[in-house]
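Asks: Before I ask anything, let me first share the structure, which is written out below as C-alpha cells.
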Amino acid sequence: MEKFDIIVIGGGHAGIEASLSSSRLGLSTALITFTKDKIGFMSCNPAIGGVGKGQIVKEVDALGGQMAKTTDAVGIQFRILNKSKGPAVWSSRAQVDRDNYAKYMQDIIEKEKNIKVIEGECTYLLIKENNVYGIEINNEIKIEGKVVVLTPGTFLNGLIHIGLESFPAGRIEEKKVSKKLSIQLKNIGFKMLRFKTGTCARLDGNTINFDILKKQEGDTPPIPFSFSTEKIEIEQLPCYITYTNEKTHKIIRENLDRSPLFTGKITGIGVRYCPSIEDKIVKFPHHQSHHVFLEPEGKNTSLIYPNGISTSLPVDVQDDFIRTIPGLENVKIIRYGYGIEHDVVEPTCLYPTLETKLVRNLFFAGQINGTTGYEEAAGQGLIAGINASLKVKGQKMITLNRTNSYIGVLIDDLTTKGTNEPYRMFTSRVEYRLLLREDNADIRLRETGYKIGLVRKEEWEKTREKKEKVKEIIKKIKTKKIKVENGKITLFEYLKRAGVKLSDFDEFKSYPEKVLFETEVEVKYSPYIKKQLKEIREFKNLEKIKIPEDMNYNEIPGLSLEIREKLSKFKPLNLGQASRISGITPSAISLLLVYLHTRSDRPCPEKKDEKHRKIL
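Using the working numbering, you'd call the opening residue of the sequence shown number 1 and step up by one each time.
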C-alpha cells in the first residue's frame, strides 16, 4: 500500500490550495483527480475575484496561497469594483485566460516535488475507530494517508440538466461522479444536502457584432492581485455589455414547461445571488431587461462567456432566446448552458479548523461545505491544507475568525450557522469590513503565513516595512501643524478633510504610493476604526471563554430543551461561537457563562460579570 502524509481528493480550486500548502510545508501529498489535464479548470465564468471575493483572494495570497499569483500571470483584464464607494468595500476582479489558468496551475503542481498526482475516483474512505487512515481508488487500489482532505466540488453525486435531459457528471466535459463516496458519507452520519448551480453557453466571438455594443475596459494601469507582483505584463482585453429584452423574456416564459427548474426535475437549492436567466424573469417580472456581460475566455480563443444568462433550458430554446439579444443576432453557440445538482454536507459538522467532528483526521473544503465560487473554495482549501499539515506535524492548528479575515467570516458562518442554500461571500456579511480591507490583507495575515512557513522571509520583510512606514507617517502627522481658517490643527486632523492627500505635501512624496494610501485610509476613517476596534475587543472577550468538548449541557439548570439540543449538536468551542448559533439566546449565554465559572472552580468577579453582561 502506497503511503502519504496528506491525501487531497479533488483538483479544483480548493484541492489545488490544499495540496500546494501541504507540499510546501514539506509533507508528501497525493492529489487524487479524475483527469490530470482538468486540474484548475474553471467550470463557470473565466474570472477571479469580485465583490467580497477579491478580499478572499488577497487573503489567500497573504497567507502564502497560489490563486492571486496565477491570476496575475494569466489575467487579461483587471478592475477594482465599488470604486465610487469607500475602500472598505473595494473588491478586485480579473478576467483570466481560462486555458492558461489551468495550464499554469498544472505546471505549478507538476514542479512540486512533494506532490504525486493520481488519476482515478475515490470510491471509499478507509476508516477505523472514527479515524480516517486512507482511501480506496476505483474500488481496488488502497492508499494510506495520515490525513485526508476532501474537495470533490460538483462531482459529489453530480447530475447535469439540459432541458428535460439529465445525466450524471461533475461538469459537461467530464461525465464522471463520486456517488459511492456520497453514500458512504451519509452512512457515516453526515447530514447531506442537495444544491444546484449552473453555467452559461459559450459563444463564438467571431459571430458577435461588437460594433453596436458598449465596450468595458479594465483599469489603467491594471492593479495586481498578489502583494508580490510588481506589474501586470500581459496585454489587456476589453469586455462588452449588452441586454436581454422583452423578446428574450417572452421566449423564456413560453418554454418554462420545458425547464427542469420549473418542472420540478431539479430539486436542489440554487444560488440566490447568481440565478439563472429563467429564474430572474420569473422572480423579477417587472424588469424589462437584464445585463449580459460578454467576457473573453482568453487571448488565443474566440470563445466568449455571456455572463448573466446562466440557464438549463433546452438547446433549441437557448438558440432562440440568445439570438434576440443585441449583438448576438447571428451568434454561433459553441457549447450550451446547463444546470448541475450535487451533494453537499451540512457544514456545522466541522470545527473551525475544517476538520470533521464525526471522523478524525478528515477535512472538508470547497463546495462540499455548501459554498459556491472559486474564491470561497480556495480560501477553505488553503486553511484545510494548512491545518492538515500542522496536525500531521503535531502542531497547533490555526483558526481564523471574524475579526481578522473574510476567510474567518466565511468559515465561522458555515460552522456555526450552516447554510440552506449555496453560500457566497459578500462585504455585507463582514461586521468589521473597514478593518478587513483588501489593501491591508498583507498587514493582517502575512505574518501568520510566514510563521506557518508558506510566506518567504523577503515577502514578510516587505510587509513589515510597509507597516512600519505607516506608523512612521502617522507619528509625524500627529505633531505637524497646518494653518487653517481658524488657526492651526495637526496634519492628522487636516487629512480627514475631503480631497486632502499626503502626496500634496513634499515631505511625503518619497514614500511608496501603497504606504500613503494605507495611511490615508487609517486616518480618514480613524473614528470608525476606533469604534470597530472596541467592538472587536468585546467580541474577543467572549471568544476567550473556552467551552470543554465534553460539556454536558443537560447539567446546566435553566437551559431549555431546544437550546440544550443545539449546543450538544454544534459543540461550540467558546462562548462567542455559542452566541452565534441560530436560536441561542443572550439569557442562555449568561447561564452558560455562570456555569463555566462554577465548573472551573474559580470565583466569578462582579466586575467581570458586568463586563460580559454589557457584551451580551
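Where is the CB? At the ideal position from N, CA and C, for every residue including glycine.
All values reported here derive from a predicted model rather than from experimental measurement.
What does DSSP give as the partner residues of H291 in its beta bridges?
Replies: Start at 1 with the first residue of the sequence shown, and residue 291 comes out as number 291. For H291, which the question treats as bridged, DSSP gives the partners Y243.
Asks: Quick check on I127: buried or exposed, where buried means 16 or more other Cβ atoms within 10 Å of its Cβ?
Replies: Within the sequence shown, residue 127 is the residue found at index 127, counting from 1. Answer is buried; the Cβ neighbour count reaches 16.
Asks: Using three-state DSSP, classify D343 as helix, strand or coil.
Replies: Reading the sequence shown from its first residue, position 343 is the one you call residue 343. Strand, per DSSP.
Asks: Short check: CB of S91 to CB of K53, under 9 angstroms?
Replies: Your numbering for residue 91 matches position 91 in the sequence shown. Your numbering for residue 53 matches position 53 in the sequence shown. Closer than 9 angstroms, so yes.
Asks: Across the region 173-188 and the region 207-215, are there enough close Cβ pairs to call them in contact, namely three or more that are closer than 8 angstroms?
Replies: Result no; under three Cβ-Cβ pairs closer than 8 angstroms.
Asks: Exposed or buried, what is R446 when buried is set at 16 or more other beta-carbons lying within 10 Å of its beta-carbon?
Replies: Position 446 of the sequence shown, counted from the start, is the residue given in the question as residue 446. Buried, because 16 or more other Cβ atoms sit within 10 Å of the Cβ of R446.
Asks: Out of L63, V292 and P572, which has the shortest C-alpha to C-alpha gap to K451?
Replies: Position 451 of the sequence shown, counted from the start, is the residue given in the question as residue 451. Nearest option by C-alpha distance: L63.
Asks: With C-beta atoms as the reference, is L156 less than 9 angstroms away from L125?
Replies: Position 156 of the sequence shown, counting from 1, holds the residue named residue 156. Position 125 of the sequence shown, counting from 1, holds the residue named residue 125. Going by C-beta atoms, L156 is not nearer than 9 angstroms to L125.
Asks: If you check the beta carbons only, do E121 and I269 fall under 9 angstroms apart?
Replies: The residue you call residue 121 lines up with position 121 of the sequence shown. The residue you call residue 269 lines up with position 269 of the sequence shown. In this structure, I269 does not lie closer than 9 angstroms to E121 by Cβ.
Asks: DSSP puts Y336 in a beta bridge; with which residues?
Replies: Indexing the sequence shown from 1 puts residue 336 at position 336. Answer by DSSP bridge pairing: none, since Y336 is not bridged.
Asks: So, for I384: in the same chain, excluding its five sequence neighbours on each side, which residues have a beta-carbon less than 6 angstroms away from its beta-carbon?
Replies: Stepping through the sequence shown from its first residue, residue 384 is reached at position 384. Per the sequence shown, residue 384 should be read as Ala rather than Ile. Cβ within range, chain order: A18, V149, L354, F363 and A365.
Asks: For S582, which of L294, K483 and K566 has the nearest alpha-carbon?
Replies: Locating residue 582 in the sequence shown gives position 582, where the first residue counts as 1. Selected option, being the one with the closest Cα: K566.
Asks: Buried or exposed, going by whether 16 or more other CB atoms sit within 10 Å of the CB of H13?
Replies: Start at 1 with the first residue of the sequence shown, and residue 13 comes out as number 13. Result: buried.
Asks: Less than 8 angstroms between the CB atoms is what I'm expecting for G499 and G15, so what's the real figure, rounded?
Replies: Start at 1 with the first residue of the sequence shown, and residue 499 comes out as number 499. Start at 1 with the first residue of the sequence shown, and residue 15 comes out as number 15. So it is not a contact: roughly 47 angstroms between Cβ atoms.
Asks: Give me the residue from Y336, I489, T70 and K113 with the minimum Cα distance to S23.
Replies: For the purposes of this step, residue 23 is taken as residue 23 along the sequence shown, with counting starting at 1. For the residues Y336, I489, T70 and K113, the minimum Cα distance to S23 belongs to K113.
Asks: Am I right that E44 and T199 are in contact with their C-beta atoms under 8 angstroms? What's the rounded C-beta distance?
Replies: Stepping through the sequence shown from its first residue, residue 44 is reached at position 44. Stepping through the sequence shown from its first residue, residue 199 is reached at position 199. Note that residue 44 is Cys in the sequence shown, not Glu. Confirmed, about 5 angstroms.
Asks: Could you tell me which residues DSSP puts in a beta bridge with Y124?
Replies: Indexing the sequence shown from 1 puts residue 124 at position 124. E136, per the DSSP bridge assignment.
Asks: For the region 533-582, which segments carrying the alpha helix (DSSP H) assignment without a break, of at least 4 residues, lie completely within its bounds, in sequence order?
Replies: Qualifying alpha helix (DSSP H) stretches, in chain order: 561-570 and 575-579.
Asks: Here's the rule: buried if 16 or more other CB atoms are within 10 angstroms of the residue's CB, otherwise exposed. What is I141?
Replies: What you label residue 141 is simply residue 141 of the sequence shown in a count that begins at 1. Under this definition I141 is an exposed residue.
Asks: Which one or two residues does DSSP pair with V8 in a beta bridge?
Replies: Start at 1 with the first residue of the sequence shown, and residue 8 comes out as number 8. Answer by DSSP bridge pairing, in chain order: L31 and V149.
Asks: Which same chain residues, not among the five before or five after D412, have their C-beta less than 8 angstroms away from its C-beta?
Replies: Your numbering for residue 412 matches position 412 in the sequence shown. Same-chain partners within the cutoff: P352, N401, R402, Q577 and R580.
Asks: Which value, in whole angstroms, describes the spacing of the CA atoms of I172 and D442?
Replies: One-based indexing of the sequence shown puts residue 172 at position 172. One-based indexing of the sequence shown puts residue 442 at position 442. So the alpha carbons of these two residues sit roughly 38 angstroms apart.
Asks: Residue range of the alpha helix (DSSP H) that H13 falls in?
Replies: Residue 13 sits at position 13 when you count from the first residue of the sequence shown. Run containing H13: H13 to R24, per the alpha helix (DSSP H) assignment.
Asks: Does DSSP classify Q77 as helix, strand or coil?
Replies: By 1-based counting over the sequence shown, the position of residue 77 is 77. Three-state result, Q77: strand.
Asks: For the alpha helix (DSSP H) that L362 lies in, which residues bound it at each end?
Replies: Taking the first residue of the sequence shown as position 1, residue 362 is located at position 362. Segment L362 to F364 is the beta strand (DSSP E) holding L362; no alpha helix (DSSP H) there.
Asks: With a CB to CB cut of under 8 angstroms and the five nearest residues on each side skipped, what residues in its chain are close to I333?
Replies: Within the sequence shown, the letter at position 333 stands for residue 333. Same-chain partners within the cutoff: A201, R202, L203, D204, Q318, D319 and I322.
Asks: Within 10 angstroms of the Cβ of V521, are there 16 or more other Cβ atoms? Answer buried if so, exposed if not.
Replies: Stepping through the sequence shown from its first residue, residue 521 is reached at position 521. With 16 or more other Cβ atoms within 10 Å, it is buried.
Asks: Output needed for H249: all residues of its chain with C-beta closer than 7 angstroms, excluding positions within five of it in sequence on either side, in chain order.
Replies: Taking the first residue of the sequence shown as position 1, residue 249 is located at position 249. Taken in chain order, the residues that qualify are I281.
Asks: Mark R253 as exposed unless 16 or more other C-beta atoms lie within 10 angstroms of its C-beta, in which case mark it buried.
Replies: Counting from 1 along the sequence shown, the entry for residue 253 is found at position 253. R253 comes out exposed.
Asks: Could you check what DSSP says for R602 in three-state terms: helix, strand or coil?
Replies: The residue you call residue 602 lines up with position 602 of the sequence shown. Reliability of the predicted coordinates at R602 is poor, the pLDDT of 46 falling under 50, and the value obtained from them is presented with this limitation in mind. In this structure, R602 counts as coil in the three-state DSSP scheme.
Asks: Flag this pair as touching only if the region 476-492 and the region 88-103 have three or more C-beta atom pairs under 8 angstroms; answer yes or no.
Replies: Taking 8 angstroms as the limit for Cβ pairs, the verdict is that the region 88-103 does not touch the region 476-492.
Asks: Buried or exposed: which applies to E610, given that a residue is buried once 16 or more other Cβ atoms fall within 10 Å of its Cβ?
Replies: Here residue 610 is taken as the residue at index 610 of the sequence shown, counted from 1. A caution first: E610 carries a pLDDT of 46, below 50, which makes its placement in the model too unreliable to give a value.
Asks: What are the uninterrupted segments assigned as alpha helix (DSSP H) that are 4 or more residues long and contained completely in the region 404-443, given in chain order?
Replies: Taking only runs of at least 4 residues, the alpha helix (DSSP H) segments lying wholly in the region 404-443 are 406-412.
Asks: I think K265 touches H161, with their Cβ atoms under 8 angstroms apart; what is that distance to the nearest whole Å?
Replies: Here residue 265 refers to the residue found at position 265 when the sequence shown is read from its first residue. Here residue 161 refers to the residue found at position 161 when the sequence shown is read from its first residue. Indeed they touch by this definition, with Cβ atoms about 6 angstroms apart.
Asks: Report the option in R424, H286 and V74 whose CA atom is closest to the CA atom of S226.
Replies: Numbered from its first residue, the sequence shown carries residue 226 at position 226. Comparing Cα positions, the closest option is V74.
Asks: Which first and last residues belong to the alpha helix (DSSP H) in which N307 is found?
Replies: If you number the sequence shown from 1, residue 307 lands on position 307. No alpha helix (DSSP H) holds N307; the beta strand (DSSP E) holding it covers L303 to N307.
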